[in-house]
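Here the structure is laid out as structure tokens; the discussion comes afterwards.
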Amino acid sequence: MPQLKVKTDYLGKYQSKTENTFSDTPIIVDAMKFTPLDLLSSAYNSCMLGTMEHIAKQNNFEIGEPKSQIEWALSEDTTRIGSMDIQISFANDFSKEQKEILENAAQTKCHVGQTLNPAIEKKFTFNYKQN
Numbered sequence: 007m008p009q010l011k012v013k014t015d016y017l018g019k020y021q022s023k024t025e026n027t028f029s030d031t032p033i034i035v036d037a038m039k040f041t042p043l044d045l046l047s048s049a050y051n052s053c054m055l056g057t058m059e060h061i062a063k064q065n066n067f068e069i070g071e072p073k074s075q076i077e078w079a080l081s082e083d084t085t086r087i088g089s090m091d092i093q094i095s096f097a098n099d100f101s102k103e104q105k106e107i108l109e110n111a112a113q114t115k116c117h118v119g120q121t122l123n124p125a126i127e128k129k130f131t132f133n134y135k136q137n
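Residue numbers (the working numbering): 7 to 137.
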């Protein structure tokens, strides 16, 4: 049973308005400027970063303010995303154990990532500040 209700109204001209149960502020999507696939990538980025922060706090360390970037390409039949190049960069360095925790969290604990079609080829790159 769904816990969150998301409602979308199509406004025409490739625009839609989306609202959810917990926010009074709707999101207006203009597919000519920011496509639904861009929003999917944004959701994935946000989910990975938030998941890493949550897992890091459970392990008594902070992640600072990392940045995540996804470059995606369509599948050969152009019906879905076929591949994602995911880069996550940190302004600080971590121990080997902390890096393993962060990388595992991003790759296996993010709800959005676990919901994506497993046929999507994902390449992860983690960049840490060198001391």
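Note that the Cβ used here is the ideal one computed from N, Cα and C, for glycine as well.
With 16 or more neighbouring CB atoms inside 10 Å of its own CB, G119 falls in the buried class. Comparing C-alpha distances from K115 to each of L17, K23, M54 and D44 shows the shortest one belongs to M54. Out of N123, K11, L10 and G70, the CA that lies nearest to the CA of N98 is found in G70.
I92 is a Cβ neighbour of K128, given a cutoff of 8 angstroms. Judged by DSSP in its simplified three-state form, L10 adopts coil rather than helix or strand. Of the candidates N51, D30 and S22, the residue whose Cα lies closest to the Cα of A37 is S22. Shown here, S81 sits in coil according to DSSP, grouped into three states, outside any helix or strand. For Q104, no beta strand (DSSP E) run applies; the uninterrupted alpha helix (DSSP H) run containing it begins and ends at K102 to N110, by DSSP. DSSP places G88 in the uninterrupted beta strand (DSSP E) bounded by I87 to S95. As a beta-bridge residue in DSSP terms, T131 pairs with Q93. Setting aside the 5 residues that flank it on each side, K105 is surrounded in the same chain by F132 and Y134, each with a C-beta closer than 8 angstroms to its C-beta; the list follows chain order. Counted as a single uninterrupted DSSP element, the alpha helix (DSSP H) harbouring Q64 occupies residues P42 to Q64. Around the beta-carbon of T57, 16 or more other beta-carbon atoms lie within 10 Å, marking it buried.
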